[in-house]
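K.L.:
Quick one: the structure is below, and I'll ask about it shortly.
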Amino acid sequence: MVSSELVTDRRQRPLQVLRLSLTARCNLACSYCQPDHREVSGLLSQSQRLALIEACCRLGVRSLRLTGGEPLLSDQLEPLLEAIRLRRQQPGDPLSQLEEVALTSNGLLLDQARAERLRRAGLDRITLSLDGLDAGVVAAMAGLPEVGEAGSRALAAVREAIVVAREVGFDPRLGALKLNSVIQRGRNEDQLLPLAAFARDQGLELRLIEFMDVGHRNGWSGDQVMPAAEMLRQLQAVWPLEPLGRPAGGTARRWRYRDGAGVVAMIASVSEPFCSDCNRARITADGQLFTCLFASTGLNLRPWLQPHPDAESLVVALRDHWSARIDRYSEERSLQVQTDPERADMAYLGG
Ligand code: SAM
Ligand code: SF4
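Spelled out as structure tokens, the structure:
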């Protein structure tokens, strides 16, 4: 039996999901995200990452999502997945409690060989991000030159990534392949219906994300948010939908197309915050723990990781931090509570 001690915070929210960032770097520069092009200093080593995953599993984490920046830029991704895969098979290992290991990627580097390696290394699910089907809009959203071929090349690469991911066994019907799209008013709202039509056609669950005020560099203002209710109205006008709800601890509210063409989801963190059952911890590529996407500072976990990870005291540090947790920024935003304007950026936090 695995020794575990489940932990809840001061709002009775359990720790169940870990989003671990492998790098802060990205090969795109999405306008809503504004990543750094340099790596953070003090990137975690593989043994430190594994120690963090183990400590989180001991405290209740059942779902691990690897993210970035762009996680496919990391040559440590497959070795990490492989190490996780081996440990998940060991009865009694805390990692054997992981029910899923997922990846979020912009897909540009996901060719057939890489997709096969990821699958073999034990990855269960991939979410790819794409904000339009028009090459000019894709370029504008992704921070690529709007003249020339960059937008169409990026679009073609993501479409190909969808094909190869499916071919190697990430089955969208089992939820193993999904599409994320940020919809920003005045930038790509005209892509909403084309993206939905594409996802329906491909049998992919599309997750429409409201533009969030994460970080301090993306020039966020409320009038650039397209609320989920409005996205829903536009979709319903074309394809009647039936609500499926939002699973406890989940981020997405889901709907089924009444004509049987699958499911569409919305992540309405701005207009319909879901802080009340938020179960996610985020650990940055340099070992900072954030319990809220909208926080300004995290807990530096490095003192428990170097020179070598200290498993027991890491569990205690994480448990103490989580049990003292009280944050619910998104709900406070809607209550207009004044909060810290200096927030950490999305490419650092990992989404
Ligand atoms: N580079 C990978 C990707 O783009 O999928 C993984 C990291 S990215 C930070 C994770 C997710 O966060 C992406 O789906 C991205 O679209 C989303 N995202 C980034 N900034 C956002 C923002 N300001 N509002 C809403 N979603 C955002
Ligand atoms: Fe890169 Fe992802 Fe941020 Fe876009 S959303 S800049 S792909 S990390």
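My numbering numbers the first residue of the sequence shown as 1 and each following residue consecutively.
For each residue, glycine too, the CB sits at the ideal point set by N, CA and C.
#1: Sort out for me which residues DSSP pairs threonine 104 with in a bridge.
#2: What did DSSP end up calling proline 79 once you bin it into helix, strand or coil?
#3: Let me know if glycine 148 comes out buried or exposed under the rule of 16 or more other beta-carbons within 10 Å of its beta-carbon.
#4: Go through its chain and collect everything with a Cβ distance to cysteine 57's Cβ below 7 Å, but skip five positions before and after it.
#5: Any heavy atom of ligand 1 within a distance shorter than 6 Å of the CB on proline 27?
#6: For the beta strand (DSSP E) that glutamine 365 lies in, which residues bound it at each end?
#7: Here's the rule I'm using: 16 or more other beta-carbon atoms within 10 Å means buried, otherwise exposed. How should valine 163 be labelled?
#8: Which stretch, first to last residue, makes up the alpha helix (DSSP H) that contains alanine 197?
#9: Which same chain residues end up closer than 7 Å to aspartate 134 when comparing Cβ atoms and leaving out the 5 residues on each side of it in sequence?
#10: Where does proline 309 fall in DSSP's three states?
#11: Around the Cβ of arginine 19, are there at least 16 other Cβ atoms within 10 angstroms (buried) or fewer (exposed)?
#12: On the DSSP letters alone, give me the boundaries of the alpha helix (DSSP H) that methionine 231 sits inside.
#13: Tell me whether serine 129, by its Cβ, gets closer than 6 Å to a heavy atom of ligand 1.
#14: So leucine 66 and leucine 77 are in contact, right, with Cβ under 8 Å, and what is the actual spacing, rounded?
#15: To the nearest angstrom, report how far apart glycine 287 and glycine 132 are at their CA atoms.
#16: Where does methionine 212 sit, in a helix, a strand or coil, going by DSSP?
#17: Measure the alpha-carbon distance for alanine 237 versus glutamine 202 and round it to whole angstroms.
#18: As a quick exercise: from Met141, Gly169, Leu109, Ser45, pick the residue whose alpha carbon is nearest that of alanine 121.
#19: Following a CB-centred definition, is cysteine 33 positioned closer than 6 Å to any heavy atom of ligand 1?
#20: Any contact of the segment 154-163 with the segment 100-119, i.e. 3+ C-beta pairs under 8 Å?
#21: For ligand 1, I want to know if glycine 219 counts as a neighbour, meaning its beta carbon is within less than 6 Å of at least one of the ligand's heavy atoms.
#22: The beta strand (DSSP E) with glycine 245 in it runs from where to where?
#23: By Cβ distance, which residues of its chain are closer than 8 Å to arginine 319, with the 5 residues on each side in sequence left out?
#24: Beta-carbon separation of arginine 185 and methionine 226 under 7 Å?
#25: Using the Cβ count rule (16 or more neighbours within 10 Å means buried), how would you classify valine 2?
#26: Quick check: the Cα distance between aspartate 171 and glutamate 116, rounded to an integer number of angstroms?
P.N.:
Looking at the atomic coordinates:
#1: Here the question's residue 104 lines up with position 104 in the sequence shown. DSSP output for threonine 104 lists Thr127 as bridge partner(s).
#2: On the sequence shown, position 79 is the one that residue 79 refers to. The answer is helix: DSSP assigns proline 79 an H, G or I state.
#3: Along the sequence shown, read from residue 1 onward, the residue named residue 148 stands at position 148. So glycine 148 ends up on the exposed side.
#4: By one-based count along the sequence shown, residue 57 stands at place 57. For cysteine 57, where only same-chain residues beyond five positions count, the Cβ hits under 7 Å are Pro94, Leu95, Gln97, Leu98.
#5: What you label residue 27 is simply residue 27 of the sequence shown in a count that begins at 1. One point to set straight first is that residue 27 is asparagine, not proline, in the sequence displayed. No - ligand 1 has no heavy atom lying nearer than 6 Å to the Cβ of asparagine 27.
#6: In the structure as shown, the chain begins at 1 and stops at 351. Residue 365 is therefore absent and cannot be evaluated.
#7: Counted from its first residue, the sequence shown places residue 163 at position 163. Classification of valine 163: exposed, given that the 10 Å Cβ count is below 16.
#8: As a first step, residue 197 is located in the sequence shown; it is residue number 197 there, counting from the start. Looking at the DSSP string, the run of the alpha helix (DSSP H) that includes alanine 197 is 192-202.
#9: Locating residue 134 in the sequence shown gives position 134, where the first residue counts as 1. Same-chain partners within the cutoff: Gln191.
#10: By one-based count along the sequence shown, residue 309 stands at place 309. Here proline 309 sits in coil by DSSP.
#11: Indexing the sequence shown from 1 puts residue 19 at position 19. The residue is buried, with at least 16 neighbouring Cβ atoms inside 10 Å.
#12: The residue given as residue 231 occupies position 231 in the sequence shown. Start and end: 228-238.
#13: One-based indexing of the sequence shown puts residue 129 at position 129. Indeed, a heavy atom of ligand 1 lies less than 6 Å from the Cβ.
#14: The residue you call residue 66 lines up with position 66 of the sequence shown. The residue you call residue 77 lines up with position 77 of the sequence shown. Going by Cβ atoms, the distance from leucine 66 to leucine 77 rounds to 7 Å, so yes, they are a contact pair.
#15: As a working note, residue 287 is residue 287 in the sequence shown. As a working note, residue 132 is residue 132 in the sequence shown. Cα to Cα, glycine 287 sits roughly 33 Å from glycine 132.
#16: Numbered from 1 along the sequence shown, position 212 holds the residue referred to as residue 212. Judged by DSSP in its simplified three-state form, methionine 212 adopts coil rather than helix or strand.
#17: Residue mapping note: residue 237 aligns to position 237 of the sequence shown, counting from 1. Residue mapping note: residue 202 aligns to position 202 of the sequence shown, counting from 1. Approximately 21 Å, taken between the alpha carbons.
#18: Residue 121 sits at position 121 when you count from the first residue of the sequence shown. For the residues Met141, Gly169, Leu109, Ser45, the minimum Cα distance to alanine 121 belongs to Gly169.
#19: Locating residue 33 in the sequence shown gives position 33, where the first residue counts as 1. It does: the Cβ of cysteine 33 is within 6 Å (strictly closer) of some heavy atom of ligand 1.
#20: yes
#21: Indexing the sequence shown from 1 puts residue 219 at position 219. No, since every heavy atom of ligand 1 falls outside the 6 Å radius drawn around the Cβ of glycine 219.
#22: Your numbering for residue 245 matches position 245 in the sequence shown. Start and end: 241-245.
#23: What you label residue 319 is simply residue 319 of the sequence shown in a count that begins at 1. Hits under 8 Å: Glu5, Val7, Leu59.
#24: Numbered from 1 along the sequence shown, position 185 holds the residue referred to as residue 185. Numbered from 1 along the sequence shown, position 226 holds the residue referred to as residue 226. Cβ atoms of arginine 185 and methionine 226: closer than 7 Å.
#25: In the sequence shown, counting from the first residue as 1, residue 2 sits at position 2. Residue placement at valine 2 cannot be trusted, given a pLDDT of 45 that sits under 50; what the coordinates show is reported in the next sentence. Exposed: under 16 other Cβ atoms inside 10 Å.
#26: Counted from its first residue, the sequence shown places residue 171 at position 171. Counted from its first residue, the sequence shown places residue 116 at position 116. Going from the Cα of aspartate 171 to the Cα of glutamate 116 covers about 13 Å.
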